[in-house]
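Asks: Here the UniProt record's numbering is used: position 28 in the sequence shown is 28, and no number is missing along the way. Glycine included, each C-beta is placed from N, C-alpha and C at the ideal position. Bear in mind that the values here come from a model prediction, so they are computed numbers and not experimental data.
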Amino acid sequence: MHAAARRTGAAGQRIGSGAVPVHRSQRAVRCRSTADAYTQSLLAAERDGDVLRVMEVVTEARVMKLELPPAALEAGIRTFAEGGQWQRAVDMLEALAAAGRRAELSTSEAVFRALAGGGQAERALALYEALEAGGGGVSGPVLNLVVRTCAAGGQLERALQLLEGMVLSSSDSEEEGVEAITFTAVAGECLKQGLGSKAEEVLDWRDYL
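Spelled out as structure tokens, the structure:
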């Protein structure tokens, strides 16, 4: 078990044959101290790209029922995503969203990049829809990733629907707009499937913006 947990795990301090009970305030301080130690471990593991260490720390924190801050959880999510553990990353991101917290852009992008790299179009679409349903939504760059992943992963119709929605609601904001590479990727998939007229339409959308 984590060193911080061992240091703070004693229920009380023994004096003679009796035990001095730990007051609630003392327990709270110890829990905070342990959570801080776990947080630092997760941040260090992310810097080192240590997927196994993240797995150990996250598991121990869950067993101890410690509530870790979003920054620590997101460090774990990114490490899992970048280390090939996309399923664990998705599970943690969904749990974060279910708790009413919107992940940082770097965290969401890491997860969706992992799904794209693994050809997980259906899972990427399901995660996107879950985040939308939860009210948190996703950023423009992440939605661009979702569209490209769907297009390349056999979900061309859904990619076209999402892309058209983005075009209709697009603004001058770079954050929320459609990236040029997204138009190109979708148009390319249309051509592969013999949908030349649809590919031209997609490129017309790009030129319109």
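Roughly how many whole angstroms lie between the Cα atoms of residue 84 and residue 117?
Replies: Translated into positions along the sequence shown, residue 84 becomes position 84. Translated into positions along the sequence shown, residue 117 becomes position 117. Their backbone Cα atoms lie some 9 Å apart in a straight line.
Asks: Please report how far the alpha carbon of residue 190 lies from the alpha carbon of residue 196, in whole angstroms.
Replies: Residue 190 sits at position 190 when you count from the first residue of the sequence shown. Residue 196 sits at position 196 when you count from the first residue of the sequence shown. Take the alpha-carbon of residue 190 and the one of residue 196: they are about 7 Å apart.
Asks: Inspect the beta-carbon positions of residue 144 and residue 201 and report whether they are closer than 8 Å.
Replies: The count along the sequence shown starts at 1 and reaches residue 144 at position 144. The count along the sequence shown starts at 1 and reaches residue 201 at position 201. Their beta carbons are not under 8 Å apart, which means residue 144 does not touch residue 201 by this criterion.
Asks: Is DSSP giving residue 154 helix, strand or coil here?
Replies: Taking the sequence shown and counting its residues from 1, one reaches residue 154 at position 154. When DSSP states are grouped into helix, strand and coil, residue 154 belongs to the coil group.
Asks: For residue 74, collect the residues of the same chain with a Cβ closer than 7 Å to its Cβ; drop the 5 residues on either side in sequence, then sort them by chain order.
Replies: For the purposes of this step, residue 74 is identified with residue 74 of the sequence shown, where counting begins at 1. Cβ within range, chain order: 103, 104, 107.
Asks: Quick check on DSSP: helix, strand or coil for residue 67?
Replies: Here residue 67 refers to the residue found at position 67 of the sequence shown. Residue state, collapsed to three classes: coil.
Asks: Report all residues from its chain with a CB closer than 6 Å to the CB of residue 166; omit the five preceding and five following residues, and keep chain order.
Replies: For the purposes of this step, residue 166 is taken as residue 166 along the sequence shown, with counting starting at 1. Cβ neighbours of residue 166 beyond the five flanking positions: 178.
Asks: For residue 195, does the three-state DSSP call read helix, strand or coil?
Replies: Residue numbering aside, residue 195 sits at position 195 when the sequence shown is read from its first letter. Correct three-state label for residue 195: coil.
Asks: Go ahead and label residue 207 buried or exposed: buried means 16 or more other beta carbons lie within 10 angstroms of its beta carbon, across all protein chains shown.
Replies: The residue labelled residue 207 in the question sits at position 207 within the sequence shown. Label assigned to residue 207: exposed.
Asks: Quick one: using the 10 Å Cβ neighbour count with 16 as the cut-off for buried, is residue 168 buried or exposed?
Replies: Residue 168 sits at position 168 when you count from the first residue of the sequence shown. Residue 168 comes out exposed.
Asks: Using 10 angstroms around the beta-carbon of residue 88, count the other beta-carbons present and answer buried if the total reaches 16, otherwise exposed.
Replies: On the sequence shown, position 88 is the one that residue 88 refers to. Answer is buried; the Cβ neighbour count reaches 16.
Asks: Report the rounded CA-to-CA distance for residue 67 versus residue 59, giving the unit in angstroms.
Replies: Looking up residue 67 in the sequence shown gives position 67. Looking up residue 59 in the sequence shown gives position 59. Their backbone Cα atoms lie some 12 Å apart in a straight line.
Asks: According to DSSP, is residue 113 part of a helix, a strand, or is it coil?
Replies: Residue 113 sits at position 113 when you count from the first residue of the sequence shown. Three-state result, residue 113: helix.
Asks: Does residue 102 come out as helix, strand or coil in the three-state DSSP assignment?
Replies: Looking up residue 102 in the sequence shown gives position 102. Here residue 102 sits in coil by DSSP.
Asks: Which whole-angstrom value is the C-beta distance of residue 61 and residue 53, which I expect to be below 8 Å?
Replies: Mapped onto the sequence shown, residue 61 falls at position 61. Mapped onto the sequence shown, residue 53 falls at position 53. Between residue 53 and residue 61 the Cβ distance is about 12 Å, and since that is not below 8 Å, they are no contact.
Asks: Going by alpha carbons, who is nearest to residue 151 out of 91, 55, 204, 185?
Replies: Here the question's residue 151 lines up with position 151 in the sequence shown. Residue 185 is the option with its Cα nearest to residue 151.
Asks: Over what stretch of residues does the alpha helix (DSSP H) that includes residue 122 continue unbroken?
Replies: Against the sequence shown, residue 122 aligns to sequence position 122. Boundaries of the alpha helix (DSSP H) around residue 122: 121-133.
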